[in-house]
């Protein structure tokens, strides 16, 4: 699995707690970084041969 179950569980717990784990306005750069990492993972030039 690309994203670990532990990470998803931690995020779920934080969301239930209502603080979203990223301090309100700080979620946008985290989402942008995640999107960039996912794009890199999907880059065909990086595929293992």
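Residue numbers (the numbering used here): 2 to 50. Ideal Cβ placement from N, Cα and C applies to all residues, glycine included.
By the CB criterion at 8 angstroms, residue 41 and residue 47 fall inside the cutoff. Spanning the alpha carbons of residue 5 and residue 37 requires a straight line of approximately 18 angstroms. Counting along the chain, the unbroken alpha helix (DSSP H) around residue 30 starts and ends at 28 to 43.
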